[in-house]
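Only one structure is covered here, and it is reproduced in the block below.
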Amino acid sequence: MNWFILISGVVCAMTTIGHFAVGSRDFLAPMLAASIEPVPKKVMHCGFHYVSAFLILSSVFLLGIGSGVIRSDGASLLVRFISINFAAFAVWQIAIAATSGIPNGIFKLFQWVFFVIIAVTAWLGA
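In the working numbering, the protein residues as written are 322 to 447.
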């Protein structure tokens, strides 16, 4: 059992649940109800579910590798890949939040906190 990767997987699973529960209600539903062109609307809809797929798969693999259920020579490389992705997500989220003009944007667009925790714990476990 690898505690760092397991913690990363638990935080990732919680992030996935939040993505579906809060993200669907506070982002996806209003965006789909907005009066914008159908093509950008569907691209955003697809983007939401691209993130959904990445979060689900990352959760499964981090939990599986962290618990020892998944054992493979490439597990460390996969964990590093997931870690780098989440680190990149955090960097972009912070950059966009900081330059958004939204008052306290860094706190209102808070997902970066979870991305950093996942990235760091996964990297330490890899």
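We treat Cβ as the ideally placed atom computed from N, Cα and C, and that holds for glycine. Small disclaimer: the values here were computed from a predicted structure and weren't measured.
Determine the contact status of Ala411 and Phe436, defining contact as a CB-CB distance below 7 Å.
-> Yes, the pair counts as a contact, with Cβ atoms nearer than the cut-off.
Taking the Cβ atom as the reference point for each residue, do Val332 and Ile439 lie within a distance shorter than 7 Å?
-> In contact: Val332 and Ile439 (Cβ atoms closer than 7 Å).
For Val400, does the count of other Cβ atoms within 10 angstroms reach 16, so buried, or fall short, so exposed?
-> Classification of Val400: buried, given that the 10 Å Cβ count is 16 or more.
Through-space distance from Gly422 to Gly330, alpha-carbon basis = Near 33 Å, if we compare the C-alpha coordinates of Gly422 and Gly330.
Residue burial classification, Phe382 (beta-carbon count within 10 angstroms, cutoff 16) = Result: buried.
DSSP state of His431, grouped into three classes?
-> Checking the displayed sequence, the identity of residue 431 turns out to be Phe instead of His. Coil at Phe431, not helix or strand.
Whole-Å CB distance - Gly446 paired with Gly389, under 8 Å assumed | The Cβ separation is near 12 Å, so there is no contact.
Enumerate in chain order the residues of its own chain whose CB-to-CB distance from Leu353 is below 7 Å, with the five nearest sequence positions on each side excluded.
-> The residues are Lys362 and His366.
Buried or exposed: Ser356, going by 16 or more other Cβ atoms within 10 Å of its Cβ?
-> Ser356 is exposed by the Cβ-count criterion.
Pick from Ala396, Asp394 and Ile403 that is closest to Ala374, judged by C-alpha positions | Ranked by how close their Cα comes to the Cα of Ala374, the residues Ala396, Asp394 and Ile403 have Ile403 in first place.
Taking Phe348 as the reference, which of Leu430, Val434, Ile326 and Phe325 has the closest Cα?
-> Ranking Leu430, Val434, Ile326 and Phe325 by Cα distance to Phe348 puts Leu430 first.
Neighbour-count burial assignment, Asn323, 16 or more Cβ in a 10 Å radius = Per the 10 Å Cβ criterion, buried.
Answer yes or no: do Ala334 and Ser380 have a C-beta to C-beta separation smaller than 7 Å?
-> In this structure, Ser380 lies closer than 7 Å to Ala334 by Cβ.
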